[in-house]
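Take 471 as the starting number for the sequence shown in my numbering and just add one per residue. For reference, the structure is listed below as structure tokens.
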Amino acid sequence: MNDTTLPGGTYRLADDLELTRVGYGAMQLAGTGVFGPPADRDEAIRVLRTVVELGITHIDTSDFYGPHVTNQVIREALHPYDGLHLVTKVGARRDEQGGWPHAREPHELVEQVHDNLRNLGLDQLDVVNLRMGGFDAPEPGSIAPQFEALAELQQQGLIKHLGLSTVDAGQLAEAQAIAPVVCVQNMYNVARREDDALVDLTAEQGIAYVPYFPLGGFSPIQSGALDAVAARLGVSRLTVALSWLLQRSPNMLLIPGTSSVAHLRDNVASAGYELPADAVAELDAIGTAR
471 MNDTTLPGGT YRLADDLELT RVGYGAMQLA GTGVFGPPAD RDEAIRVLRT VVELGITHID
531 TSDFYGPHVT NQVIREALHP YDGLHLVTKV GARRDEQGGW PHAREPHELV EQVHDNLRNL
591 GLDQLDVVNL RMGGFDAPEP GSIAPQFEAL AELQQQGLIK HLGLSTVDAG QLAEAQAIAP
651 VVCVQNMYNV ARREDDALVD LTAEQGIAYV PYFPLGGFSP IQSGALDAVA ARLGVSRLTV
711 ALSWLLQRSP NMLLIPGTSS VAHLRDNVAS AGYELPADAV AELDAIGTAR
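Okay, structure coming up:
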């Protein structure tokens, strides 16, 4: 199932963990607003099984998607996950209105890890990301108490590897003083380039960098340059955005999400588009001009 013909091939995060650089983000499998059951559960299961058929070995998820729903659908479709690696995250919960309040006290993180284990049907999680910061950017402050709680669960054998989400370079260094970090998942795209230095730092250290919201998420990228490149090349904005990310750095792992089999196939094809050098230079300038 480790199909290196996928765009970008694979990336080794640890001696026992190699992921396809094109992965799949499961957030959109839940209902509207990432809340409640999927609109079409059968299609959600088809999407997940197509992920496997395409050779993708990296699925990004969380038990607060739904909540619980996405992990339960993943378990129904794919358990026992032969050859797959599930990367989950903790640090938030869902309220009755579908909001995303923080849930970062050490005891809350422990509960969330056990929720992920139970709903995915696992005894050990491949990777757990500690999600800190705000919706789309890091916030200052120590993350030691939270990361220490996860490191303790790692010592207990419930977690294999640890990662971080929505953090800065100082928080990464703080976490590394406690336990190894195999990945960082932050908001980053062709127009949101605050993390350029962190992308390079993680590449130097052999840490995977996993950008979310390649087109800006709930607030779409507004960029004339992005649209101009896409129009000139005769491809979609998403094709340009994903292929730019994959070409940006060898440690970049993509997790585009969808609830449609057709869109899943399009996403994989889009990531494999080879941007010409002049287009890359034009897109690079979007970030430097901000």
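Ideal Cβ positions, reconstructed from N, Cα and C, are used throughout, including at glycine. Small disclaimer: the values here were computed from a predicted structure and weren't measured.
- Pick helix, strand or coil for P477, following the three-state DSSP scheme. coil
- Determine, using beta-carbon pairs with one atom in the region 588-602 and one in the region 621-633, whether at least three such pairs fall under 8 angstroms. yes
- Go to P681, then tell me how far its beta strand (DSSP E) extends in each direction, as first and last residue. A678 to Y682
- Task: Return the bridge partner residues of D488 from the DSSP annotation.
- Result: Position check: residue 488 holds Glu in this sequence, whereas Asp was assumed. DSSP output for E488 lists R482 as bridge partner(s).
- Task: Note down, in chain order, each residue of its chain lying with its Cβ closer than 6 angstroms to the Cβ of A649, except the 5 sequence neighbours on either side.
- Result: A621 and L632
- Item | Assigned secondary structure, M722 (DSSP; H/G/I helix, E/B strand, else coil) | strand
- Query: In or out: L489 buried (at least 16 other Cβ within 10 Å) or exposed?
  - Reply: buried
- Can you tell which of V521, P537 and A562 has its C-alpha closest to the C-alpha of A547? V521
- Query: Taking the alpha carbon of T728 as the point to measure from, which residue in D665, P508, P537 and A701 has its own alpha carbon closest?
  - Reply: P508
- Query: How should D638 be labelled, buried or exposed, when 16 other C-beta atoms within 10 angstroms of its C-beta is the threshold for buried?
  - Reply: buried
- Task: With distances taken Cα to Cα, identify the nearest neighbour of H528 among D552, G742 and A739.
- Result: D552
- Query: Nearest to A661 by alpha carbon, out of E566, G479, A755 and T540?
  - Reply: A755
- Query: First and last residue of the alpha helix (DSSP H) that includes T520?
  - Reply: R511 to E523
- Query: Near L524, which residues of its chain fall below 8 angstroms by C-beta distance, leaving aside the five closest residues on each side in sequence?
  - Reply: D473, L476, L734, R735 and V738
- Coarse secondary structure for N472, derived from DSSP in three states: The pLDDT assigned to N472 is 38, lower than 50, so where the model puts this residue is not dependable, and the model offers no usable value.
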